[in-house]
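What follows is a single structure, written as structure tokens, with notes after it.
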Amino acid sequence: MNKFKYIPIIGCLFFSCLKPTNELPNFYYGYYPNELNSWIEYEVTEIVHGSLGSDTINYFLKEIKTNEFFDNEGEVAIRIERFWKFNQNESYVIKDVWQEKVTSTAVEKVEENNRFVKLIFPVKYGEYWDGNAFNSFPLCEYTYDSIHQPYSLNSFDFDSSLTVFQKDLYTAVDYQNAFEVYAKNIGLIYKQDIDLSINLYNISNINEGTELEMKIINYSL
68 MNKFKYIPII GCLFFSCLKP TNELPNFYYG YYPNELNSWI EYEVTEIVHG
118 SLGSDTINYF LKEIKTNEFF DNEGEVAIRI ERFWKFNQNE SYVIKDVWQE
168 KVTSTAVEKV EENNRFVKLI FPVKYGEYWD GNAFNSFPLC EYTYDSIHQP
218 YSLNSFDFDS SLTVFQKDLY TAVDYQNAFE VYAKNIGLIY KQDIDLSINL
268 YNISNINEGT ELEMKIINYS L
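Residue 288 is where the sequence shown ends in our numbering, and the numbering goes up by one at each step.
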């Protein structure tokens, strides 16, 4: 008699194995669209701290994805032309040229000849990776600190965003805090990067260092 009590269970397992599914995993590539001729405009603040004090520069930055090309690995990459100006009434002038590559597993961006792994796919909360995997800098563990969350910035309300935490160090003599926020179907909307040498845990008592903040103010996809 005992041998028959397992038949319904086996039957259920058998038919569940045969059940077809058309569902594919969502990798959430939409957080980093790479449409040609799309652009994002930012308001940027940079602060440089030194022994003689601090210098602040404010400017506007426009990044345009202009064309595709094959990189040194024979893969398709995108040229990013970056323009800047110092007030709204000026015309943009070229600042520099970067490049990026979006693969099935990651977003790689070359900034000032240094390649960083900005995102990895699929997007999962708590997932971490080495943002410096393809450059000469020390290991830097990036992680998804939040995903699929609404985000408000200036006059924008974004339905879905993710935050990539990049640096988090606070000691008696060092303070580092860096993260980037990406909005679905737009890309990078906010960036903060603080790297300071301080005294006795006091982040207002700065020896030297840099601060960078970028905030989206306009875009076209």
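For glycine and all other residues, C-beta sits at the position ideal for the given N, C-alpha and C. Here the structure is a predicted model, which is why all the values come from computation and not from measurement.
Counted as a single uninterrupted DSSP element, the stretch harbouring residue 141 is not any beta strand (DSSP E), since DSSP gives it neither H nor E. Between residue 277 and residue 262, the gap from beta carbon to beta carbon is short of 8 Å. Sixteen is the threshold: when 16 or more other Cβ atoms of the shown chains lie within 10 Å of the Cβ of residue 174, as they do, the residue is buried.
Its Cα nearest to that of residue 214, the residue 194 stands out among 200, 199, 194, 220. Straight across, the Cα-Cα distance linking residue 155 with residue 283 is about 14 Å. Closest by C-alpha distance to residue 198, out of 136, 220, 241, 182, is 182.
Beta-bridge pairing by DSSP links residue 237 to 242. Pairwise C-beta distances place the segment 110-129 in contact with the segment 145-162, as three or more of them are shorter than 8 Å. Scanning its chain for C-beta atoms nearer than 7 Å, with the 5 sequence neighbours on each side dropped, one finds around residue 191 the residues 211, in chain order.
At a Cβ-Cβ threshold of 8 Å, residue 117 and residue 275 count as neighbours. Close CB contacts of residue 121 within its chain, under the 8 Å cut and outside five residues either way in sequence, are with 114, 115, 273 (chain order). Residues 132, 288 of the same chain have their beta carbon placed closer than 8 Å to that of residue 102, with the five preceding and five following residues left out of the count. Partner residues in the beta bridge of residue 229, as assigned by DSSP, are 249. Beta-bridge pairing by DSSP links residue 128 to 109, 151.
In this structure, 220 is the residue among 265, 270, 233, 220 with its C-alpha nearest to the C-alpha of residue 250. In chain order, 188, 189 place their CB closer than 6 Å to the CB of residue 94, counting only its own chain and leaving out the 5 sequence neighbours on each side.
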